[in-house]
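FYI, in my numbering the residues of the sequence shown are 5 to 449.
Ideal placement from N, C-alpha and C gives every residue a C-beta, glycine not left out.
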Amino acid sequence: MNVIEVENVSKMFRLGTNTGDLRDRFGSLFSRNKSQEKSQEEKEREFWALNDISFSVAEGESFGIIGHNGSGKSTLLKLITGIYKPTRGRLRTQGRISALIEVGAGFHQDLTGRENVYLNGSVLGMKKREIDRRFDEIVAFAELEKFIDTPVKRYSSGMYMRLGFAVAAHIDPDIVLVDEVLAVGDESFQAKCMNRMRELRREGRTIVFISHSMDAVAALCQRVMLLARGEMLTIGEPADVISSYRVSLAADRRRREHTAAGTEEAGPRSAELEILEIRLLDADGRTCDTFNIGDQLRLECTFYAHRRIEKPAFGVAIYRSDDFYASGVNTKFDGHRLAAVEGRGKFTLTYSSLPLLQGGYRFLVSAFREDNTHNALAYSQIPFDIVGKTLSHGLIDVPHHWEFGSALASSAERSLTEAEATGALIGATSGHTLAQTSLGAGGNA
């Protein structure tokens with residue numbers, strides 16, 4: 005049985021106005037003789053936050069909604085709760101709804117935590133005897149036993165949000181709507197929030213879950229929907245939809261980077277050596293900027309030495325999009341000693357199986373002299389993305405297998421923890437090969 009049904013729902017807001025206010029309503033009484041067609045100016049002020057959305061959620065199902073900021077996720081949840089009404093389409097829900105959307109929104113600043121538990125609980129539909137029965141559990145969950153009789157205006161933002169979440173999470177609902185509120189408090193409290201969501205799922209509650217944490221979505225949800233610019237792109241298995249989302253994130257990031265600075269970000273031009281071009285190639289030799297976990301990747305760098313450079317060296321580093329240094333190799337440390345370069349040259353660096361987990365990265369390519377590695381002759385960088393369906397997290401995908409006694413067995417290759425993965429990667433130089441081609445006059449190993 006479906007407890008949420010959304011059929012061809014669209015939601016429009018009018019920019020720069022308070023849609024449906026008294027002035028609009030009174031104005032409409034005196035405009036019946038005017039043309040019913042919208043002016044061009046009115047159409048330009050229309051913003052469609054959602055456009056023709058259809059889906060259903062079964063009783064007891066955990067359903068995730070993901071997408072970029074502004075994709076319409078929160079608007080959709082507010083439609084389900086009844087805070088907004090759809091401009092078009094039909095929406096039906098069955099059962100008592102608990103909405104963890106703006107936790108603590110109903111708190112009165114001058115009242116104590118205790119008083120606000122009763123106030124907020126009643127606003128959310130709880131009866132006094134129900135709040136009485138759950139009061140100690142709510143306070144303990146929020147970890148505010150010592151401060152429950154203190155006015156909430158003296159609470160920190162974390163205390164305030166914890167109490168709001170605790171009240172909303174202890175309603176006895178049929179449907180739970182969660183919008184990005186699991187970031188409340190420290191890691192310990194966030195884990196407690198996730199455990200509460202799992203408890204509700206085990207109890208057979210229907211959960212609609214919005215989060216930017218793909219790990220949380222994958223752990224909690226049975227199906228996931230991807231929204232983009234108010235439209236539904238896909239619904240399906242968490243791993244598949246999350247992979248599609250990460251691909252779209254990578255594409256958006258590349259568009260922004262290309263608009264701002266082009267495909268490559270070149271370093272300073274040197275009087276001695278200039279990096280002309282960097283290309284990333286897949287296993288078939290095609291230019292590519294998006295690779296799957298474990299794919300072969302070839303980096304080709306074309307340079308020009310304006311004068312003869314004795315004992316040059318080339319380095320290639322990998323940085324994650326948050327500037328975390330993931331890996332670095334260079335010709336000197338790998339034993340490729342070059343006598344000299346002059347004129348146009350090229351080298352190719354091949355990663356036989358790139359173990360990076362999904363995310364955005366960049367290659368930083370540099371040229372320097374062997375005896376002066378701290379001063380680059382030239383450098384340039386190029387972004388790339390790793391995608392994949394794995395739900396592992398951390399930095400790299402380390403092949404391993406599990407073994408179980410009895411009748412259980414597993415040999416799936418997955419990822420280790422981030423701490424293990426990071427330690428395994430930093431300083432490693434294996435798993436790549438360097439090909440030197442056309443290094444210019446005098447270039448040899």
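Residue i, enclosing alpha helix (DSSP H) - first and last residue
{"i": "THR79", "result": "77-85"}
{"i": "ARG100", "result": "Neither: ARG100 is in no alpha helix (DSSP H) and is coded neither H nor E."}
{"i": "ARG206", "result": "191-206"}
{"i": "MET218", "result": "218-224"}
Buried or exposed (CB count within 10 angstroms, at least 16 for buried), residue i
{"i": "GLN113", "result": "exposed"}
{"i": "PHE30", "result": "Note that PHE30 scores a pLDDT of 45, beneath 50, so its modelled location is shaky and nothing firm can be said."}
{"i": "ALA317", "result": "buried"}
{"i": "MET130", "result": "buried"}
{"i": "ILE8", "result": "buried"}
{"i": "THR263", "result": "Interpretation of THR263 is limited by its pLDDT of 45, a score under 50 that renders its predicted location unreliable; the figure taken from the coordinates is listed afterwards. Under this definition THR263 is an exposed residue."}
{"i": "GLU346", "result": "buried"}
{"i": "THR23", "result": "With a pLDDT of only 47 at THR23, under the threshold of 50, the placement of this residue in the model should not be trusted, and no figure is reported."}
{"i": "PHE307", "result": "buried"}
{"i": "THR291", "result": "exposed"}
{"i": "LYS82", "result": "buried"}
{"i": "VAL180", "result": "buried"}
{"i": "ASN124", "result": "buried"}
{"i": "ASP176", "result": "exposed"}
{"i": "LYS336", "result": "buried"}
{"i": "ILE390", "result": "buried"}
{"i": "LYS38", "result": "Confidence is the limiting factor: at LYS38 the pLDDT is only 49, short of 50, which leaves the residue's position unreliable, though a coordinate-based value still follows. Its Cβ having fewer than 16 others within 10 Å, LYS38 is exposed."}
{"i": "MET5", "result": "exposed"}
{"i": "LYS451", "result": "Look at the range of the chain in this structure, 5 to 449, and you will see that residue 451 is not part of it."}
{"i": "ASN12", "result": "exposed"}
Residue i - containing beta strand (DSSP E), residue span
{"i": "LYS350", "result": "344-355"}
{"i": "ARG53", "result": "Here residue 53 is Ala; the residue named in the question, Arg, does not match the sequence. From DSSP, the beta strand (DSSP E) with ALA53 extends over 50-62."}
{"i": "THR210", "result": "210-214"}
{"i": "ASN6", "result": "6-18"}
{"i": "VAL228", "result": "227-232"}
{"i": "ASN68", "result": "A small fix is needed here, since residue 68 is Gly in this sequence, not Asn. Element bounds for GLY68: 66-71."}
{"i": "ILE239", "result": "235-240"}
Among the options, the one whose alpha carbon lies nearest that of residue i
{"i": "ASP458", "options": "THR306, LEU361, THR116, TYR164", "result": "Summary: the structure shown does not reach residue 458, with the chain confined to residues 5 through 449, and so no result is reported for it."}
{"i": "PRO359", "options": "ASP299, PRO387, GLY347", "result": "ASP299"}
{"i": "ALA173", "options": "LEU204, GLY162, GLU149, LYS150", "result": "LEU204"}
{"i": "THR85", "options": "THR291, LEU224, GLY363, ASP183", "result": "ASP183"}
{"i": "THR294", "options": "VAL251, GLY234, GLY319", "result": "VAL251"}
{"i": "PHE388", "options": "GLY64, VAL221, SER102, LEU253", "result": "LEU253"}
{"i": "LEU224", "options": "ARG233, MET201, GLY339", "result": "MET201"}
{"i": "ALA232", "options": "LEU361, ASP56, GLY74, TYR383", "result": "GLY74"}
{"i": "ARG227", "options": "GLY64, HIS72, ARG373, VAL369", "result": "GLY64"}
{"i": "ASP515", "options": "VAL171, LEU284, ARG166", "result": "Shown here, the chain extends from 5 to 449; a query on residue 515 therefore has no answer."}
{"i": "LEU148", "options": "THR210, GLY363, MET163", "result": "MET163"}
{"i": "GLU278", "options": "ALA287, LYS350, GLY234", "result": "LYS350"}
{"i": "PHE111", "options": "VAL127, GLY99, LEU284", "result": "VAL127"}
{"i": "MET198", "options": "ILE175, ILE179, PHE169", "result": "PHE169"}
{"i": "ARG206", "options": "MET236, GLY363, ASP178", "result": "ASP178"}
{"i": "LEU381", "options": "TYR365, ARG311, GLY332, GLU276", "result": "GLU276"}
{"i": "PHE193", "options": "ILE211, PHE213, ARG166, ASP176", "result": "ARG166"}
{"i": "LEU368", "options": "ALA103, GLU304, PHE151, THR210", "result": "GLU304"}
{"i": "LEU399", "options": "VAL143, PHE145, THR210, GLN362", "result": "GLN362"}
{"i": "PHE67", "options": "LEU230, ILE211, ASN120, LEU237", "result": "ILE211"}
{"i": "ALA344", "options": "GLN385, LYS315, GLY125", "result": "LYS315"}
{"i": "VAL320", "options": "VAL121, ALA309, ARG366, LYS15", "result": "ARG366"}
{"i": "HIS72", "options": "GLU407, LEU237, LEU301, ALA309", "result": "LEU237"}
{"i": "PHE59", "options": "ILE313, ASN296, GLU235", "result": "GLU235"}
{"i": "VAL10", "options": "ASN296, THR91, HIS404", "result": "THR91"}
{"i": "LEU342", "options": "TYR323, GLY364, ILE322, PHE372", "result": "PHE372"}
{"i": "HIS89", "options": "LYS15, ASN120, SER102", "result": "The amino acid at residue 89 is misidentified as His; the sequence shows Lys. Comparing Cα positions, the closest option is LYS15."}
{"i": "ALA309", "options": "LEU280, GLY364, ASP140, GLY332", "result": "LEU280"}
{"i": "ILE105", "options": "ASN120, LYS77, TYR122, ASP401", "result": "LYS77"}
{"i": "THR79", "options": "ALA103, ALA62, VAL61, LEU285", "result": "ALA103"}
Cutoff 8 Å: residue i Cβ touching any chain C Cβ
{"i": "ASN296", "result": "The structure shown contains no chain C; it is built from a single protein chain."}
Please list the segments of the alpha helix (DSSP H) lying wholly inside the region 124-180, counting only runs of 4 or more residues, in order along the chain. 132-146, 161-173
In the region 286-350, which residue ranges form an unbroken beta strand (DSSP E) of at least 3 residues, counting only runs that do not cross its ends? Runs of beta strand (DSSP E) with 3 or more residues, each lying fully within the region 286-350, are found at 294-296, 301-314, 316-324, 329-334, listed in chain order.
Quick check: the region 232-242 against the region 92-107, are at least 3 beta-carbon pairs closer than 8 Å? no
Determine, using beta-carbon pairs with one atom in the region 327-347 and one in the region 217-230, whether at least three such pairs fall under 8 Å. As far as the Cβ criterion goes, the region 327-347 does not touch the region 217-230, which means the pair count is below three.
Residue ranges of each alpha helix (DSSP H) run of no fewer than 4 residues wholly in the region 360-395, ordered along the chain? none
Counting Cβ pairs, one atom from each stretch, are 3 or more of them under 8 Å apart for the region 344-355 and the region 373-382? no
If we count Cβ pairs, one from each stretch, closer than 8 Å, do we get three or more for the region 48-63 versus the region 144-162? Contact between the region 48-63 and the region 144-162 is absent, with fewer than three C-beta pairs closer than 8 Å.
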